[in-house]
Amino acid sequence: ANVSSPAAPAVALTLDALLNAHAGAQDPKLASLDQAVAERNVLSSQNAQLWKLIEKQRTGYNQILKELERVRGERDGYKSKLTALVGAS
């Protein structure tokens with residue numbers, strides 16, 4: 020999931036900044052509110068995508084840990100067999 024929208028602004032969004040940005044609009048308050056809601060929706064969507072990615076990574080990590088334990092058990096079994104064979108010689 021590639022998030023390809025612009026980076027969040029470095030400066031915090033303020034009510035005054037929003038109102039000034041939309042001062043020339045027919046209804047500056049409504050235009051400001053529309054922008055704030057649109058930005059919130061984008062951020063909410065990005066947040067949801069990031070959480071999905073985190074869960075996917077967590078699942079993959081847990082699967083790798085299980086596989087590692089399986090391989091270690093297999094290795095230890097072979098070590099025991101080898102030790103028994105070498106000791107029997």
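With my numbering, the residue at position 78 of the sequence shown is 97, and numbering never jumps.
By construction, the Cβ of each residue, glycine as well, lies at the ideal position given by its N, Cα and C atoms.
Taking every protein chain shown into account, the CB of S51 has 16 or more other CB atoms within 10 angstroms, so this residue is buried.
A residue is called buried once 16 or more other Cβ atoms fall within 10 Å of its Cβ, and L37 is buried on that count.
Here DSSP, grouped into helix, strand and coil, assigns D53 to helix. The C-alpha of L104 lies about 27 Å from the C-alpha of E86. DSSP, reduced to helix, strand and coil, places A42 outside both helices and strands of the structure shown, so it counts as coil.
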